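If you're matching them up, the sequences are chains A and B in order.
Here the UniProt record's numbering is used: the first residue of the first sequence is 1, the next is one more, and so on.
Here the UniProt record's numbering is used: the first residue of the second sequence is 1, the next is one more, and so on.
Protein chains: 2
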Amino acid sequence: MEVTIVENQRLEVQKKIDKILCGKAEVESCCPVKDILARFGDKWSIYTILTLGKQEKLRFNELKSQISGVSQRMLTVTLRSLEEDGLVNRSVYPEIPPRVEYSLTPLGQGLLLQLLQLADWAKLNIDQILEARERYAHKS
Amino acid sequence: MEVTIVENQRLEVQKKIDKILCGKAEVESCCPVKDILARFGDKWSIYTILTLGKQEKLRFNELKSQISGVSQRMLTVTLRSLEEDGLVNRSVYPEIPPRVEYSLTPLGQGLLLQLLQLADWAKLNIDQILEARERYAHKS
DNA sequence: CCTTTGAGTTACCAAAAGTAACCTAGTTAT
DNA sequence: ATAACTAGGTTACTTTTGGTAACTCAAAGG
């Protein structure tokens, strides 16, 4: 189970990371990947995408109740930024009271698959992390 | 290239997400995966792990200069929390001036591999995201 | 004895997130 | 006919977090 990067892997990994982080200060609008990671690098975006993955469509208040702890304001802000990036669809039905349905775009579904992998890793390694926290708490 | 979750995949995905998010309000300390995602869900943690992936060991100021934009304070805070979670090793050499070397633990290297996949996805889909932002800016 | 050095702290200020009240406008209940 | 309810927000205000700059520590070198 122990994953270690051995030396012959390292060069490959280094090159990859260099490309991702654009270490060499590119000419124009340096490193868009950083910019994108910064976008869904906050917890509400991740939860929102995971929650939207459960159903095809979800209304605002359904999302709000399923994402425990999110405030109304932060949910709107998060959904707007995901919509701006083309990860989420927002369909407004002009009724009273209003009805708004949110769903993942194909792009958003692609990101969902990546996040599921990340979550799998988290689930697999959670015990190690909790142990490490225990150790850290005791040694200090 | 278009990734779409078809209906027969959805049930599987739903079950997976339910497990990850612990929808059914578990007895004690509900959903550790949420907790963990919240930890490296900030941008400095992601950059720090990616940067530490480039070399086996890096000293504090080397890290600071390679992670563009990070402040001294935020780097210490980020490194401490990664150390607490057992993702990063911190070795202090009792010299004057002090020398401190940081490196990824095997656990951290496992997370690095996940983040590389995420970054790959970002690189692959960046054009679509930038297009979506253009559209959003114009339509408003 | 004054400066430099690396790896931090501390104090202070700005920016982001959380809280709670308010808004809209048509439908139902009183 | 007016009051309350509805869903999906917005606005104003407070608290928490992040960023900036100055300070610390202890020994070596000038």
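Glycine residues also receive a C-beta, built at the ideal position from the N, C-alpha and C atoms.
Since this is a predicted model, take the numbers as computed values, not measurements.
According to a CB-to-CB cut-off of less than 8 Å, which residues of the region 4-18 of chain B neighbour chain A?
T4, I5, R10, V13, Q14, K16, I17, D18
Cβ contact (3+ pairs, closer than 8 Å) linking the region 79-89 of chain A and the region 120-139 of chain B
yes
DSSP bridge partner residues for V88/B (one or two, in chain order):
To locate residue 88/B, count along the second sequence from 1; it is residue 88. BP columns for V88/B point to L104/B.
Along the chain, where does the alpha helix (DSSP H) containing V13/B start, and where does it finish?
In the second sequence, counting from the first residue as 1, residue 13/B sits at position 13. It spans 7-21 - the alpha helix (DSSP H) in which V13/B sits, taken as one unbroken run.
Taking the alpha-carbon of E12/B as reference, which of A132/A, L116/A, A122/A, E131/A has the nearest alpha-carbon?
Position 12 of the second sequence, counted from the start, is the residue given in the question as residue 12/B. For the residues A132/A, L116/A, A122/A, E131/A, the minimum Cα distance to E12/B belongs to L116/A.
Here's the rule: buried if 16 or more other CB atoms are within 10 angstroms of the residue's CB, otherwise exposed. What is I20/B?
Along the second sequence, read from residue 1 onward, the residue named residue 20/B stands at position 20. The residue is buried, with at least 16 neighbouring Cβ atoms inside 10 Å.
Beta-ladder partner(s) of R59/A, from DSSP
Translated into the one-based positions of the first sequence, residue 59/A becomes position 59. Its beta-bridge partners are E101/A.
When you compare only the Cα positions, how much space is there between L52/A and S91/B?
For this step, residue 52/A is matched to residue 52 along the first sequence. For this step, residue 91/B is matched to residue 91 along the second sequence. Between L52/A and S91/B, the C-alpha separation is close to 42 Å.
Could you pull out every residue in the same chain whose Cβ sits closer than 7 Å to the Cβ of M74/B, ignoring the five residues on either side in sequence?
Within the second sequence, the letter at position 74 stands for residue 74/B. If we look at M74/B and ignore the five residues flanking it on each side, its Cβ neighbours are W44.
Cβ contact check for the region 120-134 of chain B and the region 62-78 of chain B: 3 or more pairs under 8 Å:
no
Interfacial residues, the region 82-108 of chain B to chain A, with Cβ spacing under 9 Å:
E83, E84, D85, G86, L87, L104, T105, P106, L107
Strictly under 8 Å for the Cβ-Cβ distance: is L50/B near chain A by that measure?
Within the second sequence, numbered from 1, the residue matching residue 50/B stands at position 50. So, interface residue.
Just checking my contact of V33/A with K123/B at CB under 8 Å: how many whole Å lie between their CB atoms?
Within the first sequence, residue 33/A is the residue found at index 33, counting from 1. Within the second sequence, residue 123/B is the residue found at index 123, counting from 1. Contact holds; Cβ gap of about 6 Å.
At the 8 Å Cβ level, is R73/A part of the contact set with chain B, yes or no?
On the first sequence, position 73 is the one that residue 73/A refers to. Output row for R73/A: interface = no.
From what residue to what residue does the alpha helix (DSSP H) around K43/B run?
Translated into positions along the second sequence, residue 43/B becomes position 43. Run containing K43/B: 43-52, per the alpha helix (DSSP H) assignment.
Proximal chain B residues relative to L58/A, where beta-carbon distance stays under 9 Å
Here residue 58/A corresponds to residue number 58 of the first sequence, with the count starting at 1. Per Cβ cutoff of 9 Å: no residues; L58/A is ~12 Å from chain B at best.
Would the beta-carbon of Y93/A be found less than 7 Å away from any heavy atom of the ligand MG?
In the structure on display, the ligand MG does not appear, and there are no ligands present to speak of.
Please classify A119/B: is it buried, with 16 or more other beta-carbons within 10 angstroms of its beta-carbon, or exposed?
In the second sequence, residue 119/B corresponds to position 119, counting from 1. The residue is buried, with at least 16 neighbouring Cβ atoms inside 10 Å.
Whole angstroms is fine: what's the gap from P98/B's alpha carbon to S71/B's?
For the purposes of this step, residue 98/B is taken as the residue at position 98 of the second sequence. For the purposes of this step, residue 71/B is taken as the residue at position 71 of the second sequence. P98/B and S71/B: Cα-Cα distance of roughly 19 Å.
Using a Cβ cut-off of 8 Å (strictly closer), state whether V33/B contacts chain A.
For the purposes of this step, residue 33/B is taken as residue 33 along the second sequence, with counting starting at 1. Chain A contact via Cβ: present.
How about V88/B and L111/B: are their beta carbons less than 8 Å apart?
To locate residue 88/B, count along the second sequence from 1; it is residue 88. To locate residue 111/B, count along the second sequence from 1; it is residue 111. Not a contact, by the Cβ cut-off of 8 Å.
Status (buried if at least 16 other CB within 10 Å, exposed otherwise) for Y102/A
Reading the first sequence from its first residue, position 102 is the one you call residue 102/A. So Y102/A ends up on the buried side.
In whole angstroms, what separates the C-alpha of V77/B from that of D42/B?
Here residue 77/B refers to the residue found at position 77 of the second sequence. Here residue 42/B refers to the residue found at position 42 of the second sequence. Whole-angstrom Cα-Cα distance: 12 Å.
Can you pull the chain B neighbours of N61/A, defined as C-beta to C-beta under 8 Å?
Here residue 61/A is taken as the residue at index 61 of the first sequence, counted from 1. Chain B residues near N61/A: none, gap ~17 Å exceeds 8 Å.
Please classify Y93/B as buried or exposed, where buried requires at least 16 neighbouring CB atoms within 10 angstroms.
Within the second sequence, numbered from 1, the residue matching residue 93/B stands at position 93. The residue in question, Y93/B, is exposed, as its Cβ has fewer than 16 Cβ neighbours within 10 Å.
Check this for me: beta carbons of K54/B and I17/A, under 8 Å apart or not?
Counting from one through the second sequence, the residue named residue 54/B turns up at place 54. Counting from one through the first sequence, the residue named residue 17/A turns up at place 17. A contact, by the Cβ cut-off of 8 Å.
Near R39/B, which residues of its chain fall below 8 Å by C-beta distance, leaving aside the five closest residues on each side in sequence?
Looking up residue 39/B in the second sequence gives position 39. Contacts found: S45, S81, D85.
State yes or no: is the beta carbon of L21/A nearer than 8 Å to at least one beta carbon in chain B?
Here residue 21/A refers to the residue found at position 21 when the first sequence is read from its first residue. Judged by the 8 Å Cβ criterion, L21/A is in contact with chain B.
Using a C-beta to C-beta distance shorter than 8 Å, which residues of chain A count as neighbours of K139/B?
Taking the second sequence and counting its residues from 1, one reaches residue 139/B at position 139. Chain A residues near K139/B: none, gap ~10 Å exceeds 8 Å.
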